[in-house]
Structures are given as structure tokens and as C-alpha cells.
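The structure under discussion appears below in the form of C-alpha cells.
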Ligand SMILES: [Fe+2]
């Protein structure tokens, strides 16, 4: 393979848009040091603490462990804690996302916790190669995974670089149609540090790196981001979302107050919007 598939971009390296060139060509890209460290540390502590509590609870039960149920309980707690939104708004993540999605960004509800834990028998949220577009992620959105712990080529993720450029690959019973020969060697991400952020395209073929040799724990959080000005798919509508930031054009529409641009709603008063949205509409006095 003649490219450095483990290239990691720090914020300074993104100023010439080499990250976007890498993304367009390969369908994924890894960033380092995007979050404010103390916000990331709070999130990490919250997630690993919650996991250790639930691990004890589920381990003590005689019945079969439902890995995805445990993981979704962690995700829901994290989502409702406010810590996740604080982390996403900290540092440079939104600067990067605006380059892909524009200024009006939302994060969908129902994030995922992906956990590989060799010390927890029968527990894993591994996924074999698949395309997120098969289950309703739209081509206008981005999948964004935050590595809460380190990861290497034995427990990280695999990608088929460039497979997103073929369009929506044919699926048969939740797997790539066996008749399709892509002729692309999958790569496994390596030397991933905690706090690294992975962005990938909804049409790329990817999955969990599944290896019997792995002895290390890996925890990551998966989110979907999109411009809330774009049409939603049925999956996206049913998930619901939270707005993270709004651009200047959206500010003006909201001051006018209705989609019919009815004139003079604010004539003689303050050109503003409800104070409850102050954290989103921060270009207003
Ligand atoms: Fe996926």
C-alpha cells in the first residue's frame, strides 16, 4: 500500500486541508488533540467508571450478557450527563466539523459505546465489515468516533480505503454481497492514542478489528454529526438530535422568527431570540 494509512492530523496540519484530501481519497481520517484535555478527561472518567459499575453488575448475573444493552446504558447516561456536549464543544472539534458540514451542526441522539474487553468473558461490541449507509446513515452526515482509550492494530478498526467511492455497496443479509470482489486490502488503524478522533464516510466499508491475539481493552464512542439544515433520513428522524452550533445565516432566520420571513416581527423591539437558546446563538449580544 503506497500511502501512510496511519497518518494522524493535528490541528495545525489541517490548515492546508490535507485532512480533507486524505478523507476524500480514503474515506476516513484520524485527528489528534482536538478536545480540551480537561473536558476529555471528565468524559473518560465518567465512561470508564460507568463501565466498571455495569461490568460488576452484569458479571454477577447468571444470565447471558447482552453486550449492546450494557453499552447502550453507558451511552445514554453519557448523553444525558451534559459531559458529552461539553466535550464536543471544547477545543477544535467543531472547527473541523464545520469544514465538512457547514456552520449549522447537530449531533444525533443514541450514540454508541464500542467496547473490546478480553478480560470480560462473552463481552464485546464487535462488528464485522459493513457500510453505515445500509442502516440509514445519509451521505450528508459523518460518523465520528472518539477513542477513549488507546487502540492498536489488534483491537482498533479496519477500513477498506477508497471503498466509499464505489457508491452504496450491495448488501445481502447484512453483509457485503459475496459476489462483489472489491480488490482492496483492508487496513487496521494502529498507534491510536486516547482522545484521538476518527471521522469516516457513511459509504465506506469498515468494521471492528477482530483478533484472537488481542489482550488489550479498548473503549470508544461513536456519534453521527450532520447539518441540521439538510433533509433527514427515516433513521435520522427517529434518532432525534441536539444542536451544537448555528451559523450567521441561521441566526438571521431565527431573529426574523418564522420561515415565511414575515416582516417587522422585531420592529421597535430587540432583534433577538429566546434566551433559552443563548448557548447556540452566540453571535448575538
Ligand atoms: Fe459502522
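Residue numbers (the numbering used here): 3 to 287.
No residue lacks a Cβ here, since even glycine has one placed at the ideal position from N, Cα and C.
Segment limits, beta strand (DSSP E) that includes residue 200: In the DSSP assignment, residue 200 falls within the beta strand (DSSP E) that extends over 199-202.
Backbone secondary structure at residue 256 - three-state DSSP: Per DSSP, reduced to three states, the secondary structure at residue 256 is helical.
Cβ distance (whole Å) where residue 29 is taken to contact residue 186 below 8 Å: With a Cβ gap of about 10 Å, residue 29 and residue 186 do not count as contacting.
Helix, strand or coil at residue 16 according to DSSP, with G and I counted as helix: Here residue 16 sits in helix by DSSP.
Check: residue 134 C-beta below 6 Å from any heavy atom of ligand 1: It does: the Cβ of residue 134 is within 6 Å (strictly closer) of some heavy atom of ligand 1.
Strand pairing of residue 31, partner residues [DSSP]: DSSP lists 201 as partners of residue 31.
The stretch 232-248 in contact with the stretch 104-112 per 3-pair CB rule at 8 Å: Judged by Cβ distances under 8 Å, the stretch 232-248 makes contact with the stretch 104-112, as three or more pairs qualify.
Whole-angstrom distance between residue 215 and residue 36, CA atom to CA atom: When rounded, the distance between both Cα atoms is 31 Å.
Rounded separation between residue 32 and residue 74 - CA only: Approximately 24 Å between the Cα atoms of the pair.
Which listed residue (93, 5, 27, 208) has its alpha carbon closest to that of residue 130: Taking residue 130 as reference, the option from 93, 5, 27, 208 with the minimal CA-CA separation is 208.
Environment of residue 45 [buried if 16+ CB atoms lie within 10 Å]: Under a 10 Å Cβ-count criterion, residue 45 is classified as buried, with 16 or more other Cβ atoms of the shown protein chains found around its own Cβ.
As assigned by DSSP and simplified to three states, the class of residue 212: In the structure shown, residue 212 sits in coil (DSSP, three-state: anything other than H, G, I, E or B).
Sheet register partners of residue 107 (DSSP bridge): Answer by DSSP bridge pairing, in chain order: 229, 247.
For residue 177, the three-state DSSP class (helix, strand or coil): Correct three-state label for residue 177: strand.
Inter-residue Cα distance where the pair is residue 221 and residue 116: C-alpha separation (whole angstroms): 6 Å.
Own chain residues within Cβ distance below 6 Å of residue 96, not counting five before or after: 247, listed in sequence order.
Outcome for residue 150 when other beta-carbon atoms lying within 10 angstroms are tallied against a minimum of 16: Classified as buried, residue 150 has 16 or more neighbouring CB atoms from the shown chains inside 10 Å of its CB.
Cβ distance (whole Å) where residue 230 is taken to contact residue 145 below 8 Å: Not a contact, Cβ separation roughly 17 Å.
Proximity winner among 13, 156, 243, relative to residue 38 (alpha-carbon distances): For residue 38, the closest of 13, 156, 243 by C-alpha to C-alpha distance is 13.
Whether residue 178 touches residue 170 by CB criterion (7 Å): If you check the CB distance, residue 178 and residue 170 do not come in under 7 Å.
Three-state secondary structure (DSSP) of residue 143: Of the three classes helix, strand and coil, the one that applies to residue 143 here is coil, per DSSP.
Where residue 158 falls, given that 16 or more other Cβ within 10 Å makes a residue buried: Buried, since its Cβ has 16 or more Cβ neighbours within 10 Å.
Extent of the continuous alpha helix (DSSP H) to which residue 87 belongs: From DSSP, the alpha helix (DSSP H) with residue 87 extends over 85-91.
Cα-Cα separation between residue 140 and residue 270, rounded to whole angstroms: Taking the straight line joining both Cα atoms gives about 43 Å.
Residue 266 in three-state terms, based on DSSP: In this structure, residue 266 counts as coil in the three-state DSSP scheme.
Per-residue DSSP class, three states only, for residue 10: Under the three-state reduction of DSSP, residue 10 is assigned to strand.
Distance, residue 147 Cα to residue 240 Cα: Between the alpha carbons of residue 240 and residue 147 lies a gap of roughly 21 Å.
Residue 142 and residue 232 closer than 7 Å at C-beta: Yes; because the gap between Cβ atoms is below 7 Å, this pair is in contact.
Coarse secondary structure for residue 219, derived from DSSP in three states: In the structure shown, the three-state DSSP call for residue 219 is coil.
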